[in-house]
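2 protein chains.
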Amino acid sequence: MRLHGYYRSSASFRVRIALNLKGVSYEQIPHHLRKDAHRAPDFLALNPQGFVPVLEADGAVLIQSLAIIEYLEERFPDPPLLPADPLERARVRALAEIVACDIHPLNNLRVLRYLRNELGHDQTTVEKWYNHWIAEGFQALEAMLASQPQTGRFCHGDTPSLADVCLIPQVVNAQNFQLDMAPFPTIRRIFTEALNLPAFARALPANQPDAE
Amino acid sequence: MRLHGYYRSSASFRVRIALNLKGVSYEQIPHHLRKDAHRAPDFLALNPQGFVPVLEADGAVLIQSLAIIEYLEERFPDPPLLPADPLERARVRALAEIVACDIHPLNNLRVLRYLRNELGHDQTTVEKWYNHWIAEGFQALEAMLASQPQTGRFCHGDTPSLADVCLIPQVVNAQNFQLDMAPFPTIRRIFTEALNLPAFARALPANQPDAE
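These protein sequence lines map, in sequence, to chains R and X.
So the first sequence is numbered by the working numbering: it starts at 1 and just counts up by one.
So the second sequence is numbered by the working numbering: it starts at 1 and just counts up by one.
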């Protein structure tokens with residue numbers, strides 16, 4: 001498999017974790033987003049949206065990190081990233097989507113650029129925006145993780161799931177802009193737990209071939 | 001089943017379509033988002049995130065529209081909203097996530113309020129923002145839908161899927177702020193096709209009990 005990504009892309013980071021947890025070997029093709037490598041014609045021919053990650057797998061071109069990870073889950077069921085019970089699967093997917101739909105899209109490079117270039121905001125305003133949406137999402141996640149009995153060593157039980165695959169990269173992003181993590185003890189505990197696993201640690205931005 | 005929603009919420013709209021397509025009967029509990037009914041203590045007790053939709057189903061409380069719809073797909077497999085083949089499922093989920101992760105989160109009520117209140121932007125700037133992200137996402141969707149052989153009467157083949165369930169509410173949102181839909185003929189064709197089905201038409205905001 002060939003994973004087109006970028007070391008700092010947290011959606012790419014999710015797919016790296018999932019591939020590592022599944023034990024699937026993959027070749028990395030880095031695209032330097034800050035140099036607009038994802039707008040190059042050959043990359044747009046692969047993915048008209050011009051986003052990473054893109055996974056070339058089984059003769060197909062897969063886009064969108066959650067769709068890619070659901071594919072990996074169906075193709076390589078062991079170890080599972082979703083529980084067997086439909087209601088439990090719904091909880092794990094919901095936790096993942098709080099990150100993937102309600103936090104991360106607001107903090108993408110293209111959005112930060114729009115705030116700076118089209119709307120003329122300074123770095124302080126952009127950082128406040130960035131942290132505002134993470135904090136709001138983390139408040140919801142912390143409330144759910146701290147109060148619901150399904151939470152274990154990880155977001156759902158004692159093994160990593162799709163929820164952790166999405167949460168850990170978002171915590172790394174939060175650290176980049178020095179978000180105060182004190183109000184989120186359960187998230188911090190799970191973060192530490194996850195980074196003790198090589199599948200997560202090896203997927204960290206700093207450990208990628210294109211890290212600067 | 002009890003669906004907590006709001007007639008104008010496009011994530012609630014998605015779940016209404018899915019329930020209608022599956023032929024599952026449900027009671028609607030409207031929460032007036034513009035009057036902040038979703039911040040009321042009893043609603044926050046149900047969903048700490050304070051968002052709609054929330055589906056009370058099978059003794060559980062489900063949140064996040066895509067997680068809810070995946071649950072409905074597992075619980076009521078017929079008619080399917082995802083194809084059987086894993087690579088095809090990945091395509092449908094990716095199309096859905098272009099809407100659910102890359103367009104809609106930027107155009108939520110809370111984001112528009114932040115642009116107006118915290119950042120002090122006027123209505124023209126907010127509408128330009130709104131349409132910018134829809135147009136960018138629709139360009140990617142149009143390119144994929146127009147060029148890929150899997151597209152049929154609907155986004156994937158000749159029956160509605162999760163991709164259409166996400167796309168149709170986004171087109172309704174685009175119409176609200178008069179986005180020029182001329183560059184998106186395939187999306188327009190699928191939109192017309194979908195609204196010919198009662199499952200989509202009955203789910204329109206204007207047809208909900210709380211519509212104003």
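Beta carbons: idealized from backbone N, C-alpha and C, even for Gly.
{"Item": "Proximal residues of chain R, C-beta to C-beta of X:Met144 below 7 Å", "Value": "Pro48"}
{"Item": "R:Pro30 - partner residues in DSSP beta bridges", "Value": "R:Gly5"}
{"Item": "Limits of the unbroken beta strand (DSSP E) element including R:Ala60", "Value": "60-63"}
{"Item": "Residue-chain proximity (R:Ile98, chain X), Cβ-Cβ < 8 Å", "Value": "yes"}
{"Item": "Beta strand (DSSP E) runs contained entirely in the region 100-152 of chain X, provided each spans 3 or more residues", "Value": "none"}
{"Item": "Span of the alpha helix (DSSP H) around X:Leu55", "Value": "First-last for X:Leu55: 54-57, but that is the beta strand (DSSP E), not the alpha helix (DSSP H)."}
{"Item": "Test item: CB-CB of R:Ile187 and R:Phe154 under 8 Å", "Value": "no"}
{"Item": "Under 9 Å by beta carbon: chain R residues contacting X:Glu127", "Value": "Chain R residues near X:Glu127: none, gap ~13 Å exceeds 9 Å."}
{"Item": "Distance, R:Gln64 Cα to R:Leu197 Cα", "Value": "25 Å"}
{"Item": "Member of X:Ile190, X:Asn207, X:Leu19, X:Ser9 whose CA lies at the smallest distance from the CA of X:Leu81", "Value": "X:Leu19"}
{"Item": "Extent of the continuous alpha helix (DSSP H) run through X:Arg39", "Value": "Looking at the DSSP string, X:Arg39 is not in any alpha helix (DSSP H), and its letter there is neither H nor E."}
{"Item": "Straight-line gap, R:Ala203 to X:Val15 (C-alpha atoms, nearest Å)", "Value": "34 Å"}
{"Item": "X:Leu21 to X:Phe200 span [Cα, whole Å]", "Value": "8 Å"}
{"Item": "Chain X contact for R:Val171 (CB, 8 Å cutoff)", "Value": "no"}
{"Item": "N- and C-terminal bounds of the alpha helix (DSSP H) containing R:Phe200", "Value": "198-201"}
{"Item": "Below-8 Å beta-carbon distance, R:Arg75 vs any chain X residue", "Value": "yes"}
{"Item": "Cα-Cα separation, R:Ile190 to R:Asp164", "Value": "8 Å"}
{"Item": "Segment limits, alpha helix (DSSP H) that includes R:Asn176", "Value": "162-176"}
{"Item": "Contact with chain R by X:Leu106, beta-carbon distance below 8 Å", "Value": "yes"}
{"Item": "Alpha-carbon spacing of R:Phe13 relative to X:Leu87, whole angstroms", "Value": "21 Å"}
{"Item": "CB contact flag (X:Pro48, X:Gly5, <8 Å)", "Value": "no"}
{"Item": "Buried/exposed call for X:Asp42, threshold 16 Cβ in 10 Å", "Value": "exposed"}
{"Item": "Of the listed residues R:Ala143, R:Phe184, R:Ala96, R:Val92, nearest to R:Gly157 (C-alpha basis)", "Value": "R:Val92"}
{"Item": "Neighbourhood of R:Val171 by C-beta distance below 7 Å, restricted to the same chain and skipping five residues each side", "Value": "Ile187, Phe191"}
{"Item": "Strand pairing of X:Gly157, partner residues [DSSP]", "Value": "X:Thr151"}
{"Item": "Below-8 Å beta-carbon distance, R:Gln150 vs any chain X residue", "Value": "no"}
{"Item": "Residue span of the alpha helix (DSSP H) that contains X:Asn20, given as start and end", "Value": "10-22"}
{"Item": "Same chain, Cβ closer than 8 Å to X:Pro205, five either side skipped, listed in chain order", "Value": "Tyr7, Arg8, Phe13, Val172, Ala211"}
{"Item": "Touching by the beta-carbon criterion (3+ pairs, under 8 Å), the region 129-138 of chain X and the region 90-110 of chain X", "Value": "yes"}
{"Item": "Residues in the region 34-63 of chain R having any Cβ partner in chain X nearer than 7 Å", "Value": "Pro48, Gln49, Asp58, Ala60, Leu62, Ile63"}
{"Item": "Whole-number beta carbon distance between R:Leu167 and R:Val99, since they are thought to touch under 8 Å", "Value": "6 Å"}
{"Item": "R:Pro79 and R:Thr159 closer than 8 Å at C-beta", "Value": "yes"}
{"Item": "Contact belief for X:Val24 with X:Leu46 at Cβ below 8 Å, rounded distance in angstroms", "Value": "Between X:Leu46 and X:Val24 the Cβ distance is about 20 Å, and since that is not below 8 Å, they are no contact."}
{"Item": "Beta carbon proximity, X:Cys101 to chain R, threshold 8 Å", "Value": "yes"}
{"Item": "CA-to-CA distance, R:Ala182 to R:Ala143, given in whole angstroms", "Value": "14 Å"}
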